[in-house]
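FYI, the numbering for the sequence shown is 1 to 222, going by my numbering.
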Amino acid sequence: MPAFVYNPPQSPLQILYQDDDLLALSKPSGLLSVPAKNKDHQDCLQTRAEAEFPEARLIHRLDLDTSGVFLMALNKPAQAHINLQFEKRKTQKYYIAHVWGHVNEDSGQVDLPICVDWDNRPRQMISHEHGRASQTEWQVIEREYLEDGTAFSRMKLKPLTGRSHQLRLHMKEIGHPILGDVFYAPLDLQEKASRLLLHAESLTIQHPGNREMITFTDPAPF
């Protein structure tokens, strides 16, 4: 894999929703969620949001290469309320992905434990001895072909747990890596897309103010 060069997109902040408690943003692929240790990797969605909304507070993260719904709280009580929902798995979310090949079944679930691959960080690995329980529900939306004839499936992925790289690793483990995945797809499939074709399209939570369910959506750009 080539050396990592951080060149984040410079598009303006895209606001999906805003009220007194919540700020929902559209995170572009290639932009870090939070600052990294390297001084050249400080530009991220969190710092960009805080520049416009100094009261914004972090709730969750998306991988560098993943795009989609990114939710922040605008006060401490809202942050605590939503953090508890994530911790108790009360939130509902799904992603859209393009994976290599035509998946035979129409739906299913992956249940494989995940842990850090310490010799190849930040990669993760399946480990029945050291891994933490990880489940992903999946559904085929369409089976299609690229212009060069490569078969791919458009998938709806619902993570039941929130492990690092969970969706990417689970798709690879069932034989259908995500196109453009520089960590888990072979080189020829990395080159089938200009970015990782994984997008957080929908997130549903209980609003910390009125306690009603609210859904944030950001249609996949591919």
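Idealized CB from N, CA, C, for every residue including glycine.
Exposed or buried, residue i, counting other C-beta atoms within 10 Å across all chains shown (16 or more means buried)?
i           : result
residue 175 : exposed
residue 213 : exposed
residue 172 : buried
residue 215 : exposed
residue 94  : buried
residue 69  : buried
residue 205 : buried
residue 187 : exposed
Please list, in chain order, all residues of the same chain as residue i whose beta carbon is under 7 angstroms from its beta carbon, the five residues on each side excluded.
i           : result
residue 83  : 59
residue 132 : 113, 114, 115 and 163
residue 28  : 9, 11 and 67
Under a three-way DSSP split, which group does residue i fall into?
i           : result
residue 132 : strand
residue 60  : coil
residue 212 : coil
residue 206 : strand
residue 143 : strand
residue 176 : coil
residue 197 : coil
residue 32  : coil
Compute the distance between the beta-carbons of residue i and residue j, then report whether it is under 7 angstroms.
i           : j           : result
residue 103 : residue 140 : yes
residue 25  : residue 9   : no
residue 61  : residue 13  : no
residue 135 : residue 111 : yes
residue 36  : residue 57  : no
residue 80  : residue 21  : no
residue 97  : residue 178 : yes
residue 199 : residue 185 : no
Leaving out the 5 sequence neighbours to the left and right, which residues in its chain are closer than 6 angstroms to residue i when beta-carbon positions are compared?
i           : result
residue 222 : 197
residue 164 : 124
residue 181 : 168 and 196
residue 156 : 94, 139 and 141
residue 64  : 32
residue 170 : 110 and 136
Could you tell me the boundaries of the beta strand (DSSP E) in which residue i lies?
i           : result
residue 111 : 107-111
residue 154 : 151-159
residue 190 : Not the beta strand (DSSP E): residue 190 falls in the alpha helix (DSSP H), residues 187-190.
residue 82  : Careful: residue 82 lies outside any beta strand (DSSP E), inside the alpha helix (DSSP H) at 76-87.
residue 93  : 92-100
residue 5   : Where residue 5 is concerned, there is no enclosing beta strand (DSSP E), given that its DSSP letter is neither H nor E.
Could you tell me the boundaries of the alpha helix (DSSP H) in which residue i lies?
i          : result
residue 46 : 45-52
residue 25 : No alpha helix (DSSP H) contains residue 25, which is instead part of the beta strand (DSSP E) from 22-27.
Report all residues from its chain with a CB closer than 8 angstroms to the CB of residue i; omit the five preceding and five following residues, and keep chain order.
i          : result
residue 53 : 23, 72 and 74
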